[in-house]
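Reviewing the structure listed below.
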Amino acid sequence: MKIRIENRINLYSSYLKEKYGKKVKKICLSTGIVCPHREKTGGCIFCQPETFIENNNFNKIPITEQINRQINEFEDKECLFTAYFQDETSTAGEEAYVCKCINAAVQHPHIQEIIISTRPDYISKQLISNLKELEKKITLEIGLQSIHDKSLAFLRRGHDFRDIENCIDLCSAAKIDLGVHLIIGIPDESLSEIIETTDYVSDQKQIKFVKLHNLVAYRNTPLGELFEKNMIKLPEIKQYIDLLCEILPYLRKDIVITRLFTSNVLRNRTALNANTGSKKIWMNELDRKLRENNIWQGSKRTD
Ligand code: SF4
Numbered sequence: 236m237k238i239r240i241e242n243r244i245n246l247y248s249s250y251l252k253e254k255y256g257k258k259v260k261k262i263c264l265s266t267g268i269v270c271p272h273r274e275k276t277g278g279c280i281f282c283q284p285e286t287f288i289e290n291n292n293f294n295k296i297p298i299t300e301q302i303n304r305q306i307n308e309f310e311d312k313e314c315l316f317t318a319y320f321q322d323e324t325s326t327a328g329e330e331a332y333v334c335k336c337i338n339a340a341v342q343h344p345h346i347q348e349i350i351i352s353t354r355p356d357y358i359s360k361q362l363i364s365n366l367k368e369l370e371k372k373i374t375l376e377i378g379l380q381s382i383h384d385k386s387l388a389f390l391r392r393g394h395d396f397r398d399i400e401n402c403i404d405l406c407s408a409a410k411i412d413l414g415v416h417l418i419i420g421i422p423d424e425s426l427s428e429i430i431e432t433t434d435y436v437s438d439q440k441q442i443k444f445v446k447l448h449n450l451v452a453y454r455n456t457p458l459g460e461l462f463e464k465n466m467i468k469l470p471e472i473k474q475y476i477d478l479l480c481e482i483l484p485y486l487r488k489d490i491v492i493t494r495l496f497t498s499n500v501l502r503n504r505t506a507l508n509a510n511t512g513s514k515k516i517w518m519n520e521l522d523r524k525l526r527e528n529n530i531w532q533g534s535k536r537t538d
């Protein structure tokens, strides 16, 4: 009997289905705060702001209106909604302004839970204590990418592993759930180093969600330039799928995988690599490999 992919790995769609039993849609929101890392230093090597949010002109509109506009587009009135502060570094602004934006989502009657995307070095004690007071479930989502400082330096993240640890410590003490982004296939990172990052993530009980990314080189980014000059090699999708199959057994079983592939490669035509095929084809290929090799999320962990 064929075992479905959602039984081998813990997908976000299954998590939502089990938790709510209804369709849940993500409402993507922008605080309008520009990432200070990009402003000050030019930003991460891969950063291409045009790919962040489909409708990025939202950043001039109040949060309640952004939510209402998107909810109104859905015909299914039974649908539930999650507010996702996705754009840039959502917590980098003035404390009062950040609180006002988040509160608008908390108070919106159709929003079930809230996800706030940011950098590990923009999570303060004060922010955590503000979030603890809120009545709706909050998840902080950070770009963790790798636990290896040499990889963080290559990616020009502008922070190091200590910042990641501080952020996780703060969230763990306050019991605020964390989601993390990981880039799988950073140049010069070995498989054992990727597994070390996966092990670290799995050991952090406060990390409940993971977004896995293939590294995309966009045109007009420093990474794109290196790629065009043949100065770096990035894994093809097939190699990326092989890497996923290697690391999934090390990922704690209960961690929910909210992304398996960088999804905007096709939507945004400026991707220089990894743009053959579609997400559906990649998922089918992953499914086939998982079945062929009898791979299960968390099978190499003892918890
Ligand atoms: S932290 Fe995010 S928004 Fe800021 S430079 Fe890096 S990728 Fe871009």
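Under the numbering used here, the first residue of the sequence shown carries the number 236, and numbering increases by one thereafter.
Ideal Cβ placement from N, Cα and C applies to all residues, glycine included.
From the options, residue whose alpha carbon lies closest to that of residue i
i: Asp538; options: Leu486, Ile268, Thr493 and Lys275; result: Leu486
i: Lys440; options: Val491, Leu246 and Thr276; result: Val491
i: Asp434; options: Gln532, Phe316 and Asn242; result: Gln532
i: Lys443; options: Tyr250, Ile240, Glu241 and Thr432; result: Tyr250
i: Arg494; options: Thr505, Arg504 and Leu479; result: Leu479
i: Asn528; options: Gly512, Thr511, Ile430 and Ile476; result: Ile476
i: Gly393; options: Asn245, Pro355, Pro284 and Lys360; result: Pro355
i: Lys473; options: Thr505, Ile430, Asp489 and Leu521; result: Leu521
i: Lys360; options: Glu428, Ala408, Asn455 and Lys488; result: Ala408
i: Lys367; options: Asp489, Ile467, Ile411 and Lys335; result: Ile411
i: Ser427; options: Arg454, Glu400, Val445 and Ile482; result: Ile482
i: Met466; options: Thr286, Asp423 and Cys402; result: Asp423
i: Asn365; options: Met518, Glu330 and Thr353; result: Glu330
i: Gly512; options: Ile530, Glu471 and Glu241; result: Glu471
i: Thr286; options: Asn307, Trp517 and Thr505; result: Thr505
i: Val445; options: Ser352, Ile337 and Lys464; result: Ser352
Supposed close pair residue i, residue j - CB separation, criterion 8 Å
i: Ile377; j: Val415; result: 6 Å
i: Pro484; j: Ser425; result: Going by Cβ atoms, the distance from Pro484 to Ser425 rounds to 17 Å, so no, they are not a contact pair.
i: Lys514; j: Phe496; result: 6 Å
i: Ile280; j: Leu417; result: Not quite, the Cβ-Cβ distance comes to about 16 Å (not below 8 Å), so this is no contact.
i: Ile363; j: Leu405; result: 5 Å
i: Leu379; j: Val341; result: That belief does not hold up - the Cβ atoms of Leu379 and Val341 are roughly 25 Å apart, past 8 Å.
i: Thr456; j: Gln283; result: 5 Å
i: Asp489; j: Asn245; result: 7 Å
i: Arg526; j: Ile238; result: 7 Å
i: His448; j: Ile429; result: No, His448 and Ile429 are not in contact; Cβ-Cβ is about 12 Å, not under 8 Å.
i: Ile516; j: Arg243; result: Not really, about 18 Å apart at Cβ, beyond 8 Å.
Sequence-distant residues of the same chain with beta carbon closer than 7 Å to residue i, five excluded per side
i: Ile421; result: Ser381, Ser386, Phe389, Leu390 and Leu450
i: Phe462; result: Ala452, Leu469, Leu507 and Asn508
i: Asp384; result: Asp395 and Phe396
i: Arg454; result: Thr505 and Leu507
i: Cys402; result: Pro355, Ile358 and Ile377
Own chain, CB closer than 6 Å to residue i, minus 5 neighbours either side, in chain order
i: Tyr357; result: Thr324, Thr326 and Ala327
i: Ile350; result: Tyr319, Thr374 and Glu376
i: Thr432; result: Ser381 and Ile382
i: Asp398; result: Pro355 and Asp356
i: Lys305; result: The residue you asked about is not Lys; residue 305 is Gln in the sequence shown. Counting only Cβ-Cβ distances below 6 Å, and skipping sequence neighbours, we find Ile262.
i: Val333; result: Thr326
i: Lys295; result: none
i: Tyr247; result: Val491 and Thr493
i: Gly278; result: His272
i: His343; result: Ile302
i: Cys336; result: Thr266 and Ile298
i: Ile240; result: Asp522
Contact set for residue i: own chain, Cβ-Cβ below 8 Å, skip 5 residues either direction
i: Gln301; result: Ile262, Leu264, Ser265 and Phe293
i: Glu348; result: Thr317, Ala318, Lys371, Lys372, Ile373 and Thr374
i: Leu315; result: Tyr255, Lys257, Lys258, Val259, Lys260, His345 and Gln347
i: Ala339; result: Pro297, Ile298, Thr299 and Ile302
i: Thr196; result: Outside the displayed range of the chain (236 to 538) lies residue 196, so it cannot be described from this structure.
Contact with chain C by residue i, beta-carbon distance below 7 Å
i: Val436; result: Looking for chain C here will not work: only one protein chain is present.
Hey, is the stretch 303-320 in contact with the stretch 272-287, meaning 3+ C-beta pairs nearer than 8 Å?
Here the stretch 303-320 does not lie against the stretch 272-287, with fewer than 3 beta-carbon pairs under 8 Å apart.
Counting only runs of 3+ residues fully inside the stretch 372-455, write out the beta strand (DSSP E) ranges in chain order.
Counting whole runs of 3 or more residues, the stretch 372-455 contains the beta strand (DSSP E) stretches 372-380, 412-419 and 442-449.
Quick check on the DSSP output: what are the complete alpha helix (DSSP H) runs of length 4 or more inside the stretch 263-311, in order along the chain?
Whole alpha helix (DSSP H) segments, 4+ residues: 271-276 and 298-307.
Ranges of the alpha helix (DSSP H) found wholly within the stretch 323-355, counting only runs of at least 4
The stretch 323-355 contains, as complete alpha helix (DSSP H) runs of 4+ residues, the segments 330-342 (chain order).
Listed in chain order, which residues are found with a beta carbon closer than 6 Å to a heavy atom of the ligand HEM?
You won't find the ligand HEM in this model; what it holds is the ligand SF4.
Scan the stretch 479-538 and note each continuous beta strand (DSSP E) run of 3 residues or more that stays entirely inside, going in chain order.
The beta strand (DSSP E) runs of length 3 or more contained entirely in the stretch 479-538 are, from start to end of the chain, 491-494.
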